[in-house]
Amino acid sequence: MTSPFQYAPAPESRSIVDIAPSYGLFIDGEFVDGTGEAFKSVNPATEEVLTEVSAGSAADVDRAVAAARRTFTRTWGPMRPADRGKYLFRIARLLQERAREFAVLESLDNGKPIRESRDVDIPLAAAHFFYHAGWADKLDHAGLGPNPRPLGVAGQVIPWNFPLLMLAWKVAPALATGNTVVLKPAETTPLSALLFAEICQQADLPPGVVNIVPGAGDTGRAVVEHGDVDKVAFTGSTEVGKQIARAVAGTRKKLTLELGGKAANIVFDDAPIDQAVEGIVQGIFFNQGHVCCAGSRLLVQENIHDEVIASLQRRIGTLRVGDPLDKNTDIGAINSADQLARIRELSDYGVAEGAQRWQPACDLPERGFWFPPTVFTDVSPAHRIAREEVFGPVLSVLTFRTPDEAVAKANNTTYGLSAGIWTEKGSRILKIANQLRAGVVWANTFNKFDPTSPFGGYKQSGYGREGGRHGLAAYLKGAEK
Amino acid sequence: MIGSERLAVRKTYKLYVDGAFPRSESGRSYEVTDAKGHFLANAAWASRKDARDAVVAARGAFGKWSAMTAYNRGQVLYRVAEVMEGRHVQFCEEVAAGEGLSASKARAAVDAAVDRWVWYAGWTDKLAAVLGGANPVAGPYFDFSMPEPTGVVAVLAPQQSSLLGLVSVLAPVLAGGNTAVVVTSKERPLPAVTLAEVLATSDVPAGVVNILTGDAGELGSWLAEHADVDAIDLTGAPERRAMEFEREAAGTVKRVVRPPAIEPDWTADPGLSRLTPFLETKTVWHPIGV
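One line per chain: the protein sequences are P and A, in this order. For any residue, its number in the working numbering is found by taking its place in the first sequence, counting from 1, and adding 850. For any residue, its number in the working numbering is found by taking its place in the second sequence, counting from 1, and adding 5.
This is the structure:
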């Protein structure tokens, strides 16, 4: 269907961001050269090389951990909690002041639409620092047991789907509770973390409190396995999460994992269809589907299946795929060539296993990594696209007849991160929410996040929570959740 | 020989799986002695198949147990304490023999075990208030978090403290709404079997607790790897095996409670430290509007 409306391009200017030709690591308050092999960070929408970043070697990680330890012992640990809080408030404000710059940089490096980096990623990142700042001098009142103490040095490894937001989820609670950090951003999206290092400098944060060591898997392993790290926090794939849990076994390190998901988004026949369709779209196409809690399995009640699918296809036809910096863009670029290959592979499996693939007519840019929004119908619970995390804009549609069947199918997964329920009936929402084995349940909405609200998985979606009072426990000794 | 003294009826100690008292399917048993090495009884020596059966039973019971109201679950657990109290003398004899304690020290341990059970029975309907709450999110949403049980928990019970230690690790698992597969102290399994008889004659549904007498070093590995076990408490794992079990548990992202360096003083106030590792936090969002 063609739209009666034509949108003129409305690109955000990229001149607000200066990207240096090369970047190093941020250790002990300074930018230094890494001794690992340098890698390029590319704009996934154009394949243009944005810059070259040196990777942290094991020796660099050593230096970063040593700086973090020294600062923890001498400065940050003994500091008055109220002052620690003030530093976090400063960081929150600086992020807000430079929000536009961060949003553009994030969209350039990650490929996500500016609408999302501007309206979701950056404001939420600032909110996380603001929220946790207030906790710094109130930990005795957090209900986590008497006299909770920081653990020491936190080693944190974050993914590429929400680079700055995941940094905020990790760094803000660690600092608020008095720990220092060594953070490894993802290989394909290190730039907003390095810009964040500038924020740390502007805030006069004591050197060594935050250390940033870009790199790939080897760098992450060096952080996780370092003997002087007291706490490991990881967000990423379940496979890597298992490796980390193995590496941490038998040590004194505290571990939290936020891993994959295969969320069921359940639509009952009394749901307001238009709202549900918006929620389905938001659930699976937000951030190109690069979301661990994406609503990637649509469970729709059989009697409204055709109506929902028709409406959904009509709506998807209006989504604009293209330039991430265009303010009208709904779906940006796939983050990397590797990820695009994985999405293609799983999508092809969907066809090979007998599901029906539907994609809207849309022109994709010639350069860059792109995948159109995709809906699979006639999906069986045994299909790979119904079991494995695609981490892309690919929706698998299954049907159910009764609430019990919906719950059984929703829970039929090794994951348990999130779920959605669409129905007008309040009593049904509460009953189904109770029965779903998932850490976050969105009823008549989807993909909402807030720093006050605990987030994390059941089953193989990981353990521990981030956000809220619960999130603090991961960074405190003697804390009882 | 005809005598005036009555010949005692000795007890055969068996496993406790799905509300029944089977022998080990392997037919194995082992000698249990008192602290001085005198024969007390033969205990069933649980096999891998017994452990698997126990997990099936625990999974089967999880739906019912976790869906019970917290009030009801609290009453069921309190009922266990009532029945324990009635078996006080038997527990004292078994604890004294197994742990080599004086009668008065054994009595103190049994008293503490019953009281500990009562303490946890009172937690069931308070956890949500203490660990859950409403989250003031920046938007028109009602958003609340609540604790929920993790699922099936494998418990390697302490090797030294045969009843107080056992109760201290088992009761919190149940209070949170989980079901349990317990491996007892290898050398001191008898109070655990008696506890199983208490559970069987209380109102605890079959399968909620399954008790395996045997070797934690042997069974631990199978439970750590088992894909239908959600969490494992390694408190009673042999020191040299604990790290291996933790590694095996990583394969299914199990929640793990690591073993303490030495067996703790079980008379100390446990706080929430043994409840929270087996609870998940679920957060539910709904728009606010008209």
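C-beta: ideal position from N, C-alpha, C; glycine also.
Legend entry - Inter-residue Cα distance where the pair is D23(A) and V234(A): Indexing the second sequence from 1 puts residue 23(A) at position 18. Indexing the second sequence from 1 puts residue 234(A) at position 229. About 16 Å.
Legend entry - Assigned exposure category for M851(P) - 16 Cβ within 10 Å defines buried: Residue mapping note: residue 851(P) aligns to position 1 of the first sequence, counting from 1. The predicted model places M851(P) with a pLDDT of 48, which falls under 50 and marks its position as unreliable; any figure quoted below should be read in that light. M851(P) comes out exposed.
Inset, instruction - Anything in the region 1304-1317 of chain P with a Cβ closer than 9 Å to a Cβ of chain A? List those residues in chain order, please. - result: P1304, F1305, G1306, G1307, Y1308, K1309, Q1310, S1311, G1312, Y1313, R1315, G1317
Inset, instruction - Since I believe N215(A) is in contact with Y35(A) (beta carbons under 8 Å), could you give me their beta-carbon distance rounded to a whole number of angstroms? - result: The sequence position of residue 35(A) within the second sequence is 30, counting from 1. The sequence position of residue 215(A) within the second sequence is 210, counting from 1. That pair is no contact at about 19 Å.
Inset, instruction - Grab me the residues of E73(A)'s own chain with a C-beta within less than 8 Å of its C-beta, minus the 5 sequence neighbours each way, in chain order. - result: The residue labelled residue 73(A) in the question sits at position 68 within the second sequence. The amino acid at residue 73(A) is misidentified as Glu; the sequence shows Met. Contacts found: V81, G182.
Inset, instruction - State whether the region 105-120 of chain A contacts the region 1252-1272 of chain P, with contact taken as three or more CB pairs (one from each stretch) at a distance under 8 Å. - result: no
Legend entry - Cβ-based burial, Y937(P) [other Cβ within 10 Å; buried from 16]: Here residue 937(P) refers to the residue found at position 87 of the first sequence. Y937(P) counts as buried, since no fewer than 16 other beta carbons sit within 10 angstroms of its beta carbon.
Inset, instruction - Check whether the region 1296-1310 of chain P touches the region 1068-1079 of chain P, counting contact only when three or more Cβ pairs, one atom from each stretch, lie closer than 8 Å. - result: no
Legend entry - Neighbour flag for A977(P) against chain A, beta carbons, 9 Å: Looking up residue 977(P) in the first sequence gives position 127. So, interface residue.
Inset, instruction - Assess, as a yes-or-no matter, whether the region 929-948 of chain P is touched by the region 898-910 of chain P under the definition of 3 or more beta carbon pairs within less than 8 Å. - result: No contact exists between the region 898-910 of chain P and the region 929-948 of chain P.
Legend entry - Pairwise C-alpha distance: Q1093(P) and P243(A): In the second sequence, residue 243(A) corresponds to position 238, counting from 1. In the first sequence, residue 1093(P) corresponds to position 243, counting from 1. Going by the C-alpha atoms only, they are around 23 Å apart.
Inset, instruction - Within its chain, find whatever has a CB closer than 6 Å to the CB of A914(P); leave out the 5 residues flanking it on each side and keep chain order. - result: By one-based count along the first sequence, residue 914(P) stands at place 64. Here the set comprises I877, V1032, N1061, V1063.
Inset, instruction - Using a Cβ-Cβ cut-off of 9 Å, state whether W290(A) counts as contacting chain P. - result: By 1-based counting over the second sequence, the position of residue 290(A) is 285. At least one chain P Cβ lies under 9 Å of W290(A).
Inset, instruction - In angstroms with no decimal places, state the Cα-to-Cα distance between S865(P) and E898(P). - result: Taking the first residue of the first sequence as 1, we reach residue 865(P) at position 15. Taking the first residue of the first sequence as 1, we reach residue 898(P) at position 48. Answer to the nearest angstrom: the Cα atoms are 16 Å apart.
Legend entry - Sequence-distant residues of its chain with Cβ nearer than 6 Å to R1315(P) (five each side left out): Taking the first sequence and counting its residues from 1, one reaches residue 1315(P) at position 465. Cβ within range, chain order: P1304, G1306, G1321.
Inset, instruction - Tell me whether K988(P) is buried or exposed, calling it buried when 16 or more other Cβ atoms sit within 10 Å of its Cβ. - result: Position 138 of the first sequence, counted from the first residue, corresponds to residue 988(P). Classification of K988(P): exposed, given that the 10 Å Cβ count is below 16.
Legend entry - V258(A) vs A1095(P) beta-carbon contact at 9 Å: Here residue 258(A) refers to the residue found at position 253 when the second sequence is read from its first residue. Here residue 1095(P) refers to the residue found at position 245 when the first sequence is read from its first residue. Contact flag set, yes.
Legend entry - For L1322(P), the three-state DSSP class (helix, strand or coil): Within the first sequence, residue 1322(P) is the residue found at index 472, counting from 1. Of the three classes helix, strand and coil, the one that applies to L1322(P) here is helix, per DSSP.
Legend entry - Spatial neighbours of T184(A) in its chain, beta-carbon cut-off 6 Å, leaving aside the 5 residues before and after: By 1-based counting over the second sequence, the position of residue 184(A) is 179. These residues qualify, in order along the chain: A63, A66, F67, W70, V157, V213.
Legend entry - Three-state secondary structure assigned by DSSP to M851(P): Locating residue 851(P) in the first sequence gives position 1, where the first residue counts as 1. Summary for M851(P): the model assigns pLDDT 48, below 50, so the residue's position carries little reliability; its value from the coordinates is reported in the next sentence. Looking at M851(P) - three-state DSSP - the assignment turns out to be coil, as it is neither helix nor strand.
Inset, instruction - With a cut-off of 8 Å on the beta carbons, I'd call V1240(P) and I1193(P) a contact; round off their distance for me. - result: Position 390 of the first sequence, counted from the start, is the residue given in the question as residue 1240(P). Position 343 of the first sequence, counted from the start, is the residue given in the question as residue 1193(P). In this structure, V1240(P) and I1193(P) form a Cβ contact; the two beta carbons are roughly 6 Å apart against a cut-off of 8 Å.
Legend entry - Same chain only: Cβ atoms within 8 Å of E1157(P), ignoring 5 sequence neighbours per side: Counting from 1 along the first sequence, the entry for residue 1157(P) is found at position 307. Closer than 8 Å at the Cβ level, and outside the excluded window around E1157(P), lie I1123.
Legend entry - Burial state of L1112(P) (16 or more Cβ within 10 Å): Counting from 1 along the first sequence, the entry for residue 1112(P) is found at position 262. According to the sequence as given, residue 1112(P) is Lys; it is not Leu. The residue in question, K1112(P), is buried, as its Cβ has 16 or more Cβ neighbours within 10 Å.
Legend entry - Residue range of the unbroken alpha helix (DSSP H) whose run includes W70(A): The residue labelled residue 70(A) in the question sits at position 65 within the second sequence. Looking at the DSSP string, the run of the alpha helix (DSSP H) that includes W70(A) is 53-72.
Legend entry - Reduced DSSP secondary structure (H/G/I, E/B, other) of E249(A): Along the second sequence, read from residue 1 onward, the residue named residue 249(A) stands at position 244. E249(A): helix per DSSP, three-state reduction.
Inset, instruction - Return the residues of the region 164-195 of chain A that lie within a Cβ-Cβ distance of less than 9 Å from chain P, sorted by chain order. - result: none
Inset, instruction - Whole angstroms is fine: what's the gap from K287(A)'s alpha carbon to S1311(P)'s? - result: On the second sequence, residue 287(A) is found 282 positions in, with the first residue counted as 1. On the first sequence, residue 1311(P) is found 461 positions in, with the first residue counted as 1. So the alpha carbons of these two residues sit roughly 13 Å apart.
Legend entry - Where the beta strand (DSSP E) containing T38(A) begins and where it ends: Position 33 of the second sequence, counted from the first residue, corresponds to residue 38(A). Looking at the DSSP string, the run of the beta strand (DSSP E) that includes T38(A) is 34-38.
Inset, instruction - Write down the C-beta distance between P1243(P) and P1223(P) rounded to the nearest angstrom, noting that I regard them as a contact closer than 8 Å. - result: Taking the first sequence and counting its residues from 1, the one referred to as residue 1243(P) is at position 393. Taking the first sequence and counting its residues from 1, the one referred to as residue 1223(P) is at position 373. 5 Å between Cβ atoms; contact.
Inset, instruction - Within its chain, find whatever has a CB closer than 6 Å to the CB of A1129(P); leave out the 5 residues flanking it on each side and keep chain order. - result: In the first sequence, residue 1129(P) corresponds to position 279, counting from 1. This sequence places Gly at residue 1129(P); Ala is not what is there. Cβ within range, chain order: F1296.
Legend entry - Proximity of A49(A) and D55(A) at Cβ, strictly below 9 Å: Here the question's residue 49(A) lines up with position 44 in the second sequence. Here the question's residue 55(A) lines up with position 50 in the second sequence. By the CB criterion at 9 Å, A49(A) and D55(A) fall inside the cutoff.
Inset, instruction - Please go through the same chain and pick out, in chain order, the residues whose beta-carbon is closer than 8 Å to the beta-carbon of P196(A), but skip the five residues on each side of it. - result: Here residue 196(A) corresponds to residue number 191 of the second sequence, with the count starting at 1. F96, E99, V100, G103, S167, L168, L171, listed in sequence order.
Legend entry - is_contact[A247(A), chain P] using C-beta, thresh 9 Å: For the purposes of this step, residue 247(A) is taken as residue 242 along the second sequence, with counting starting at 1. Yes, its Cβ sits closer than 9 Å to a Cβ of chain P.
Legend entry - With 16 other Cβ atoms within 10 Å as the buried cut-off, status of S872(P): Residue numbering aside, residue 872(P) sits at position 22 when the first sequence is read from its first letter. With fewer than 16 other Cβ atoms within 10 Å, it is exposed.
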